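K.L.:
Just so you know, we're using my numbering here: the sequence shown kicks off at 106 and counts up by one.
All C-beta atoms, glycine included, are put in the ideal place defined by N, C-alpha and C.
In this text, all values refer to a predicted model and were calculated from it rather than measured experimentally.
One structure, as structure tokens, below. Some questions next.
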Amino acid sequence: MDAFDRVFIHQPKYRVIVYKTCKYAVNPAQVKGHITANHCTVTKQEREQIVEFVAKIPQIARTPGEVRYPDISSVAIGGIPVYIDGLRCIAQVNGRACNHTYRKRSGIQKHCRIEHGWENPRKRGQHSRICIAEKLEQLWVASQPCQRFFKTGTWQGYFPVQVVPEPGPAPIVNTIAQANTWIEGLFEKFEEARKEDESQRNRYEPNPWLEYTGWEKHISGYKAWVVQQTQDKIVDPESVEGTSAAEKGEEALEKACIGTAVLIRRSFNASRAEIVGRHALQCVHRRENGAATSDRPFYGKQKVQTMRKYIAVFLKILRYIWRTEAMTARPAYRLTPEQEQALVKLRYAARMEDKTAEYRQSGIREKVIDANLEFWIAMFQHPLGDNEYESGLLSGLAVLGARGEKNGWVPAIHYTPTLAAVITTMRAIVVRRAWRMREDHVTIQVQAGIQEAAARQGAPVVQELVQKDVDKFMTMTAFGGRPHPMNIIYAQKMYGMKIRYTTNADGQIGWSGDQQDVILVRKIQFSMGQIREVVHGLLDTTRRQLAAELLCMALGTEDWRPDRLPRTDINQIADNHAIADEGWSFLHDPRNKWPVDGRKWMGQQLFTNARLREHFGVDQAGHGANGTEQEEMLVQLH
106 MDAFDRVFIH
116 QPKYRVIVYK
126 TCKYAVNPAQ
136 VKGHITANHC
146 TVTKQEREQI
156 VEFVAKIPQI
166 ARTPGEVRYP
176 DISSVAIGGI
186 PVYIDGLRCI
196 AQVNGRACNH
206 TYRKRSGIQK
216 HCRIEHGWEN
226 PRKRGQHSRI
236 CIAEKLEQLW
246 VASQPCQRFF
256 KTGTWQGYFP
266 VQVVPEPGPA
276 PIVNTIAQAN
286 TWIEGLFEKF
296 EEARKEDESQ
306 RNRYEPNPWL
316 EYTGWEKHIS
326 GYKAWVVQQT
336 QDKIVDPESV
346 EGTSAAEKGE
356 EALEKACIGT
366 AVLIRRSFNA
376 SRAEIVGRHA
386 LQCVHRRENG
396 AATSDRPFYG
406 KQKVQTMRKY
416 IAVFLKILRY
426 IWRTEAMTAR
436 PAYRLTPEQE
446 QALVKLRYAA
456 RMEDKTAEYR
466 QSGIREKVID
476 ANLEFWIAMF
486 QHPLGDNEYE
496 SGLLSGLAVL
506 GARGEKNGWV
516 PAIHYTPTLA
526 AVITTMRAIV
536 VRRAWRMRED
546 HVTIQVQAGI
556 QEAAARQGAP
566 VVQELVQKDV
576 DKFMTMTAFG
586 GRPHPMNIIY
596 AQKMYGMKIR
606 YTTNADGQIG
616 WSGDQQDVIL
626 VRKIQFSMGQ
636 IREVVHGLLD
646 TTRRQLAAEL
656 LCMALGTEDW
666 RPDRLPRTDI
676 NQIADNHAIA
686 DEGWSFLHDP
696 RNKWPVDGRK
706 WMGQQLFTNA
716 RLREHFGVDQ
726 AGHGANGTEQ
736 EEMLVQLH
């Protein structure tokens, strides 16, 4: 059939039909849809003929099991691409090689693990650079030429073939990929050399901010790896993430992150003067006891976008500690016994959580939130020794400082918002913790039979509970006290703000062109002539909407103003700028004399002009303006 032969190649030996232009086979049931979507040159009549012809072909597979694949000694099939980066399983099954082929390491690992009981020799907790290549590839061989008939669904799958040296009809599609791989490797070497040069920075070209924070010395050698640990999901085909234990750990981490997010939202919602009182908010807002800002209350009414940014900072730190705490090859931070116990409780509560109605009713979610509260309080209650980065919290903040552009470090002017997020969020958590302790005390007393009024009278005051935490770990070191992480965070923020306010920002606007009439704003450029065109176009559009669409009047003969529109001399309009009362404008200035009463003139036109009544959709009672016209009137007002 001519139409079929023009589009397809039939391979009766393998019971498939291959598209000539697309270079892959297709399920016979999808022939019509594929031609309709991808082959616009095929007419409707030809398409129907092809579908009818395919339905009558006997040597064609109707199900995936009917497809016949070549053996490993077969030469590559013409008409479909050949890939030379295949991974072929060589495990022996009944005396023969398995020969299942994949192109991704994760796919061959999963196959070997399920079908042949293979175990990854690199266990959880080892650094990604610690890898034994011989053991990882003991059940498969690499660089195996392979092909596939189908691209999607249950039909797809690779099969090994042999590539003959003589040129054939089968195109080798991996040449460009090899070139890209070589170029990427070259750039990686350049980047490694740049990093080495950066680490051995000339002492005459210092980075005061980096020297002050000490991030480079703390992270040394783990930068790219630790940054990966803060991500939402880690994509590492060589890791043991596919194992059940790792998957359960990531699921528990996700639930713990949800608990942290809920805790932060509740904390900000509770940090209101009408809930905890003004004195508690004033107390938690102190950076130093007796400071000049001690009487300013803490502001907890954060916007949704701001709260999301704050939550993101805490979630990154939580992921970093959760994933690296049990590892040996990592930045050298240390958890205190209290922090280790709090982390164990959080892991246990997160693994118990279930997203069913029973779990919500049983209060397990509240246990996750309470465990998060205990964990974060413990992280901030870390007495610092000689090395401040023994604190897991400060180590996590150092990792956030390593997330700069082009593998660089975050500068001070961009890092201070992260420190502000930590300080502000922790203040809200401390306030909610104190309020929750008071409410729990009242609940226990009421359950014991005491009247609620009496229970609240004898309950601890929120301000007193907040004061204890503030004195313990929320203010800077004073009067011989031992420093805590918050002391370092305050110091870094003050130093960063000093740099922020004394550093000139990069230029964002420039001029170019032969006559310097082209404006450059970041990545956008436009000329003064284009600005004039926009202004004149907007002016013409506004005039048309005012006259023709809003007033429903023809444009005037002398200028754009309609002839029937009352005339006003704009040059004679006066305005009293000294009056700042709400609602005041030049329309109310008694010095201005208007030809008509503006409040009534438009309404009179609606009732006296039948064309206006029909245009605006006003009924007999004078109500019911059209929604579209209302929208345009609002645009003109603005």
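Just to confirm, are Gln164 and Arg111 a CB contact at a threshold of 8 Å?
P.N.:
Not a contact, by the Cβ cut-off of 8 Å.
K.L.:
What are the start and end residues of the beta strand (DSSP E) that includes Trp616?
P.N.:
Per DSSP, Trp616 is one residue of the beta strand (DSSP E) stretching across 614-617.
K.L.:
For Tyr309, which residues from the same chain have a beta carbon less than 7 Å from its beta carbon, with the 5 sequence-adjacent residues on both sides left out?
P.N.:
Since pLDDT at Tyr309 reaches only 45, below the 50 mark, its modelled position is unreliable, and the value read off the structure follows with that caveat. If you ignore the 5 residues before and after Tyr309, its C-beta comes within less than 7 Å of no other C-beta in its own chain.
K.L.:
Quick one: Cα of Val340 to Cα of Ile288, how far?
P.N.:
Because Val340 carries a pLDDT of 40, less than 50, the predicted location of this residue cannot be relied on, and the following value inherits that uncertainty. In a straight line, the C-alpha of Val340 is about 23 Å away from that of Ile288.
K.L.:
If you follow the beta strand (DSSP E) that Leu192 is part of, which residue opens it and which one closes it?
P.N.:
188-194
K.L.:
So for Ala503, helix, strand or coil by DSSP?
P.N.:
DSSP places Ala503 in helix when its eight states are reduced to three.
K.L.:
Smallest Cα separation from Pro265: which of Asn204, Tyr317, Leu315, Ile369?
P.N.:
Asn204
K.L.:
State yes or no: is the C-beta of Ile604 within less than 8 Å of the C-beta of Ala525?
P.N.:
no
K.L.:
Quick check: Phe419 and Ala533, are their CB atoms within less than 8 Å of each other?
P.N.:
no
K.L.:
For Pro488, I'd like the list of residues in its chain whose CB is within less than 6 Å of its CB, leaving aside the five on either flank, ordered along the chain.
P.N.:
Arg587
K.L.:
Given that a residue counts as buried once 16 or more other Cβ atoms are within 10 Å of its Cβ, and exposed if not, what is Lys472?
P.N.:
buried
K.L.:
Taking just the CA atoms, how far does Lys705 sit from Arg669?
P.N.:
16 Å
K.L.:
Could you give the distance in angstroms between the alpha-carbon of Ala357 and the alpha-carbon of Leu478?
P.N.:
16 Å
K.L.:
Report the rounded CA-to-CA distance for Ser179 versus Gln267, giving the unit in angstroms.
P.N.:
Between Ser179 and Gln267, the C-alpha separation is close to 6 Å.
K.L.:
Tell me which residue opens and which closes the beta strand (DSSP E) that His115 is part of.
P.N.:
Run containing His115: 113-116, per the beta strand (DSSP E) assignment.
K.L.:
Taking the alpha-carbon positions, what's the Asn592 to Ala683 distance?
P.N.:
49 Å
K.L.:
Among all the DSSP beta bridges, which residues are the ones paired with Thr206?
P.N.:
Arg193, Tyr263
K.L.:
Can you give the Cα-Cα distance for Leu368 and Glu355, rounded to whole angstroms?
P.N.:
20 Å
K.L.:
At a cut of 8 Å, does the segment 141-157 reach the segment 182-193 through at least three beta carbon pairs?
P.N.:
No, the segment 141-157 is not in contact with the segment 182-193.
K.L.:
Would Asn132 pass as a contact of Trp260 if the rule is Cβ separation under 8 Å?
P.N.:
yes
K.L.:
Are the beta-carbon atoms of Gln568 and His384 separated by less than 8 Å?
P.N.:
yes
K.L.:
Can you tell me the Cβ-Cβ gap for Gly501 and Tyr425, rounded? I've got them flagged as a contact below 8 Å.
P.N.:
5 Å
K.L.:
Using 8 Å as the threshold, is the C-beta distance between Val536 and Ala366 below it?
P.N.:
no
K.L.:
Between His546 and Ala564, is the Cβ-Cβ spacing less than 8 Å?
P.N.:
yes
K.L.:
Taking Ile629 as part of the alpha helix (DSSP H), name the residues at either end of that continuous run.
P.N.:
That residue, Ile629, is in no alpha helix (DSSP H); its beta strand (DSSP E) goes 629-632.
K.L.:
For Ile235, which residues in the same chain have their Cβ closer than 6 Å to its Cβ, ignoring the five residues on either side in sequence?
P.N.:
Residue confidence is low: Ile235 scores 46 on pLDDT, short of 50, so the model does not pin down where it sits. Its coordinate-derived value is still stated next. Closer than 6 Å at the Cβ level, and outside the excluded window around Ile235, lies no residue.
K.L.:
Could you please give the first and the last residue of the uninterrupted beta strand (DSSP E) stretch that includes Leu244?
P.N.:
Looking at the DSSP string, Leu244 is not in any beta strand (DSSP E), and its letter there is neither H nor E.
K.L.:
For a test of the three-state rule: what should DSSP assign to Val381, helix, strand or coil?
P.N.:
helix
K.L.:
Taking the alpha carbon of Ile528 as the reference point, which residue from Ala284, Lys598, Asp622, Arg173 has its own alpha carbon closest?
P.N.:
Lys598
K.L.:
Could you tell me the distance, in whole angstroms, from the CA atom of Asn681 to the CA atom of Thr647?
P.N.:
27 Å
K.L.:
With distances taken between CB atoms, is the gap from Met581 to Val389 smaller than 8 Å?
P.N.:
no
K.L.:
Bridge partners of Val623, per DSSP?
P.N.:
Ser617, Ser632
K.L.:
What number of angstroms, rounded off, separates the C-alpha of Tyr129 from the C-alpha of Gln252?
P.N.:
If you take the alpha carbons of Tyr129 and Gln252, they lie about 10 Å apart.
K.L.:
Using a Cβ-Cβ cutoff of less than 8 Å, which residues in the same chain neighbour Gly688 once the five nearest sequence positions on both sides are dropped?
P.N.:
none
K.L.:
Can you tell which of Pro175, Phe158, Arg696 has the C-alpha that lies nearest to the C-alpha of Gly262?
P.N.:
Pro175
K.L.:
Can the beta-carbon of Val575 be found closer than 8 Å to that of Pro436?
P.N.:
no
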